[in-house]
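Just so we're aligned, residue 1 is where the sequence shown starts under full-length UniProt numbering, counting upward by one. Ideal placement from N, C-alpha and C gives every residue a C-beta, glycine not left out.
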Amino acid sequence: MLIFQIQYAFHELPVNSHQSLRDSLLDHGGKLNAESPPAIVTQLSLALADLALQMAGWKDPIMDLVQRYGSNPQNLPFLLEVLTVLPEEVNSRSLRLGANRRTEVTEEFRKSSPVILQLLDACGESCVGDTKGQMKIFRCLGSWFSLGALSEELIIGSKLVTAPFQALVIAECPASLHEAATDCICSALYSVEDLKSHLRLAEALYNGVKTLPDAYHMSVALDDTDKSINYCRIFTELAESFLEQIVNTPNQGFTGDLGILDLLLTCVGHHLYEVAEITFNVWYRLSEELYQRHEDPAIETFKPYIQRLIVAMCRHCQMDQDHDGIPGESDDFGEFRVRVSELIKDVIFIVGSSNCFAQMYENLKQQTESTSWDVTEATLFIMTAVAKNILPEENEIVPEVVKAILSIPPTAHIAVRYTSIQLFGELCEWIEKHPDYLDPILQFLLAGLQEPKLASAAATSVQSISTTCKGKMRDHFQGLLNIAQAIDTLHLSNEAIIGFLKGTAVILTQLPVEKVGEALTQLCSFQITPLSSLLTKSEDHKLPSHIAHGSKEDPTVWLDRLSAIFRHTTPVITNGQVHPCQTAVQQIWPVLSETCSKFQSDIRIVERCCRCIRFVIRCLGKSSASLLTPLVTQMISLYQVHQHSCFLYLGSILVDEYGQEQSCQPGLLNMLQAFCVPTFKILEEHNGLRNHPDTVDDLFRLCLRFVQRAPVPYLQCQMAKPILCCAIAACPLDHRDANASVMKYLQIS
């Protein structure tokens, strides 16, 4: 409670009480010793530190603390704890020191740093063999390094620089001390990131780090993972601080020592991927530095390191040999593989995608019958990560890889086939330039669709190829249509099905115009038939509670599929030509209308229905005129009962399409007026604007469309003034999207 008051309510304390509070805390601190409970020591240390930082009248608190407690060995643990938390609290968010006070305090600490170093030196002499004492020294020293308040000249001449390294090279170093020494060194390395300003300290730390590789290898031999991780953290922090100089002046002086990257790759070679992952940020930063320079000599210098990194990542991505399913992405190892894929995509330009592909292909060729499946799968996984970067015109390595994959027997491990399917999806741009491979690849993917564990991945790859190779996929449309008809017999996720339908719709658009209508009608019928069946079964206006969201009994499943189809059906129509999609729309409209009415109280279903209608309108454009009157009539009727904001949004789509048509403007303005009455009613309630941000957002999207498409009729209508008043009232609204819509409306109006 005391800490809370000092941190958050110090300004409420009378100034004349500060000194008595300080003296009380100091007296309590003097009663603590090595046996005192750690929680009490920490709480009292924080209270005293926070008081010292905020009490401007307490001049030179560090000297006071050292003089008061430094001569009594019983008080040393408490003193070191206070001196540890003091620098930490300077930038504490809970304390919220002002910038001027923070600068003043830091400068005071910098002047006091000789006293701190002298104290820590003396403690180090007396704490030989005392693990707890050494830990406190390293923690305190690391804290001061983090603040950047130590005198560089004094620290370089002190034994304190070498002490943490000396602790780390001892094989029997206790784990707790090992971690404290590591934290201290990492803080020191972070503090010298500006190498030009801290060159001497950086060199001292560099020399210390160079004493650790043998200790790292010993930790690996002893299978001491925690210590291996600690060494890796140090090597990584060294690389982070020296990276800019390593790139600017490779192998020039200690700051450009490429051996630092060798240290990192040694850690990357550790048998546990958790150790290798610590280094990832260095490789990201290296790729960024090289990409910004775009200098071939620099890229050539670092290419061997990235090649070794990729080979090591390939090994780390190997699954357990006894794994009997497909690769997962939800467990720790699956998430690691995702991060590896992202890393490789980031650094691949350094070695070149084709070179990486060739390197991985050599791995595949060297594998024999005795090679375990996990090695093959990991190699294919790395190829998948870089496949999108392969030049589509590549004619040497990729064809050989494709042939090798196509020859994989059905009896191969399912994970190998799964990753092969994903690889084909990523090679879609290459396949587009090599149509001779399209048929066999599609056959390979269609075979995957038949297997439950491979079906979703196969559907996703088919979608990628269909979208990219749409012109060359026209001949395969009937086959895709047959799959779409039977798609619910396959074991696909809803997401994969929607992706497949998207790809199918893209190819449908490539058909001759006279065939588009019939094809679209067929494709939609596979969704409309089950949706109609659901409407027949449903008796009331809500979905039965026992029906799970996302199941085949959920109308949104079929509405989402129809949305995907119409969103990606974009036939090219010449002037005067009848839109080929009209027939299909006329058949599905009654079902969509009934769905909206039947489930009018279910916001989730109504929103999906409005979304579907939106894409239908966008697909037809002006050819959707026959829907305008019945749609607007139904929207107005339903909105009087249920103020779902999606009706306002759908209204904005109609205004966007028909707002410039003079014959449509009166009807659209009547729609606006009908919407405004119930809308204003809910917005005028207590906190109405704050409680209905979606309604505010969609209302002003609708009004903005009127301003853009029919400004004069809109400004002359009787609702323009109340809408403007509503917009002014909504200006303070702190909902991002709603506020943006209001401001854009006011700006354009």
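In the three-state reduction of the DSSP assignment, residue 98 falls in the coil class, being assigned neither a helical nor a strand state. In the three-state reduction of the DSSP assignment, residue 88 falls in the helix class, which pools H, G and I.
For residue 122, the closest C-alpha among the options 73, 440 and 295 is that of 73. With the rule of 3 Cβ pairs closer than 8 Å, the region 584–601 counts as touching the region 626–646. CA-CA distance, residue 209 to residue 135, rounds to 19 Å. In the structure shown, the three-state DSSP call for residue 558 is helix. In this structure, 106 is the residue among 223, 82, 106 and 77 with its C-alpha nearest to the C-alpha of residue 90. Cβ contact annotation for residue 145 (same chain, cutoff 8 Å, sequence separation greater than five): 184, 187, 188, 190 and 191, in chain order.
In the three-state DSSP reduction, residue 736 falls in the helix class (H, G or I). In the displayed model, residue 58 falls within coil according to three-state DSSP, outside both helix and strand. Within its own chain, the residues whose Cβ lies closer than 6 Å to the Cβ of residue 246, once the five positions on either side in sequence are excluded, are 256, listed in chain order. For the region 573–614, not one full-length beta strand (DSSP E) segment reaches 3 residues or more. Sequence-distant partners of residue 198 (beyond 5 residues in either direction) whose C-beta falls short of 8 Å from its own C-beta, in its chain, are 152, 191 and 192.
A Cβ-Cβ separation of about 6 Å places residue 703 in contact with residue 723 under the 8 Å criterion. Exclusion of the five residues before and after residue 460 leaves 425, 496 and 499 as the residues of its chain whose Cβ lies within less than 7 Å of its Cβ.
Taking a cut-off of 8 Å for Cβ pairs, the region 462–470 and the region 528–536 do not touch, as fewer than three such pairs fall below it. Bounds of any alpha helix (DSSP H) do not take in residue 437, whose DSSP letter is neither H nor E.
A direct Cα-Cα distance of roughly 53 Å separates residue 596 from residue 278. Counting C-beta pairs closer than 8 Å gives three or more between the region 340–352 and the region 385–394, which meets the contact rule. Ranked by how close their Cα comes to the Cα of residue 438, the residues 237, 476 and 447 have 476 in first place.
Annotation for residue 276: 267, 268, 270, 312 and 316 place their beta carbon closer than 7 Å to its own, counting only its chain and skipping 5 residues before and after. Taking each of 414, 365, 161 and 432 in turn and checking the Cα distance to residue 449, the smallest one comes out for 414. Residue range 688–691 is occupied by the alpha helix (DSSP H) that includes residue 690. With 16 or more other Cβ atoms from the protein chains shown falling within 10 Å of its own Cβ, residue 363 counts as buried.
The C-alpha of residue 54 is placed about 8 Å away from the C-alpha of residue 101. A Cβ-Cβ separation of about 17 Å leaves residue 515 out of contact with residue 568 under the 8 Å criterion. In this structure, residue 601 keeps its C-beta atom at 8 Å or more from the C-beta atom of residue 549. Take residue 177, set aside five residues on each side of it, and the residues of its chain with a beta-carbon closer than 7 Å to its own are 131, 134, 135 and 167, in chain order. A residue is called buried when at least 16 other Cβ atoms come within 10 angstroms of its Cβ; residue 664 meets this threshold and is buried. Judged by their CB atoms, residue 45 and residue 81 are nearer to each other than the 8 Å cut-off. Each of 115, 594 and 456 was checked against the Cα of residue 63, and the nearest Cα belongs to 115. For residue 148, no alpha helix (DSSP H) segment is defined, and its DSSP state is neither H nor E.
The continuous alpha helix (DSSP H) containing residue 28 extends over residues 18–30.
Residue 170 counts as exposed, since fewer than 16 other C-beta atoms from the protein chains shown sit within 10 angstroms of its C-beta. The straight-line gap separating the alpha-carbon atoms of residue 235 and residue 108 is approximately 32 Å.
Proximity to residue 140 across 402, 119, 154 and 158 peaks at 119, based on C-alpha coordinates.
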